[in-house]
Structures are given as C-alpha cells and as structure tokens.
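Asks: For the sequence shown, the UniProt record's numbering gives the first residue as 1, with consecutive numbering after it.
Built from N, CA and C at the ideal position, the CB exists for glycine as well.
These numbers come from a predicted model, not from an experiment.
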Amino acid sequence: MKIQCKRVYDPAEKDDGYRVLVDRLWPRGVKKTDLVFDEWNKALTPSSDLRKAFHAELIDFSHFCEQYRAELAQQQQEGKRLAEIARQQTLTLLYAAKNTQQNHARVLAEWLRQC
Numbered sequence: 001m002k003i004q005c006k007r008v009y010d011p012a013e014k015d016d017g018y019r020v021l022v023d024r025l026w027p028r029g030v031k032k033t034d035l036v037f038d039e040w041n042k043a044l045t046p047s048s049d050l051r052k053a054f055h056a057e058l059i060d061f062s063h064f065c066e067q068y069r070a071e072l073a074q075q076q077q078e079g080k081r082l083a084e085i086a087r088q089q090t091l092t093l094l095y096a097a098k099n100t101q102q103n104h105a106r107v108l109a110e111w112l113r114q115c
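(1) Please report the straight-line C-alpha distance between Q4 and L58, rounded to a whole angstrom.
(2) Determine, using beta carbons only, whether F61 and Q114 come nearer to each other than 8 Å.
(3) If you draw a straight line from the C-alpha of A96 to the C-alpha of C65, how long is it?
(4) Are E71 and L91 touching if we call contact CB-CB under 8 Å?
(5) Write down every uninterrupted run of the beta strand (DSSP E) in the region 69 to 100 whose length is 3 residues or greater and which is fully enclosed by it, in chain order.
(6) Which term fits D34, buried or exposed, when burial requires 16 or more other beta carbons within 10 angstroms of its beta carbon?
(7) Taking its Cβ as the centre, do 16 or more other Cβ atoms sit within 10 Å of D15, making it buried, or is it exposed?
(8) Taking the alpha carbon of K6 as the point to measure from, which residue in F37, Q89, P46 and K31 has its own alpha carbon closest?
(9) Less than 6 Å between C-beta atoms, sequence neighbours within five positions excluded: which residues of the same chain meet that for A86?
(10) If you measure between the beta carbons of Q89 and G17, is that distance less than 8 Å?
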C-alpha cells in the first residue's frame, strides 16, 4: 500500500497515481481548472470546529490528532474505499497546509494504512 501526502501547490507527477484533495475548503490561490485531482473527499477531512481550534492554537497537535482520529472512526466505509485504491495504485493525499510535518493529511494517511 503506497500512500503519499503532497501540497496542492506542488506540481502533479506521473507517479502520483490517484490524487485526492482532502481539505474541507478549496485551497487559496488555486484555480479549480488548474488542480490535477481525481476526487475531492470532504468526508475524511477534519470538522470545521476541529480545524478552527487547531489553527487558532486552542489545541495542540497531539490533541488534534486524537480528536481527528475519533472523527475518522465514524467514516470507516469511506476509509476502506480509499485504502483499497491505495492497495491497487499510489494514493496521493493533497492538502494546502503550510506545515508539511504536522497536518491532517499525515494523520489521515496513517489511519488509512490501518484500514
């Protein structure tokens, strides 16, 4: 199973496989016609309240991860669908966050590997 995370601002590459936008909001500065993606999956994104709490630094990353995993637990069927795609080809999770190490796409990728 190959799952990778990539910023939406990075160019698409041939080996990206199936590209899924995993942000609840459309990324700033990106035209919908310019982004190469196969689907926009809002079901597996953090809730608006959780996202806002993290960005406002009301909660730290470890608390964010814990709450986000609890939200993902309610989306098992959708997770299994994407995990199956990742078993057949590379799955690239696209996100807009500036922090490439501590973001929801990394948490989602880890969760999908366990589906």
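Replies: According to the data block:
(1) Indexing the sequence shown from 1 puts residue 4 at position 4. Indexing the sequence shown from 1 puts residue 58 at position 58. When rounded, the distance between both Cα atoms is 28 Å.
(2) Locating residue 61 in the sequence shown gives position 61, counting from the first residue. Locating residue 114 in the sequence shown gives position 114, counting from the first residue. No, they are not a contact pair.
(3) Numbered from 1 along the sequence shown, position 96 holds the residue referred to as residue 96. Numbered from 1 along the sequence shown, position 65 holds the residue referred to as residue 65. Roughly 17 Å between the two C-alpha positions.
(4) The residue given as residue 71 occupies position 71 in the sequence shown. The residue given as residue 91 occupies position 91 in the sequence shown. Cβ atoms of E71 and L91: not closer than 8 Å.
(5) 91 to 95
(6) Walking along the sequence shown from the start, residue 34 turns up at place 34. Result: exposed.
(7) To locate residue 15, count along the sequence shown from 1; it is residue 15. Exposed.
(8) Taking the first residue of the sequence shown as position 1, residue 6 is located at position 6. Comparing Cα-Cα distances from K6 to each of F37, Q89, P46 and K31, the minimum goes to F37.
(9) Position 86 of the sequence shown, counting from 1, holds the residue named residue 86. Result list for A86: M1 and I3, in chain order.
(10) Here the question's residue 89 lines up with position 89 in the sequence shown. Here the question's residue 17 lines up with position 17 in the sequence shown. Yes. Within cutoff.
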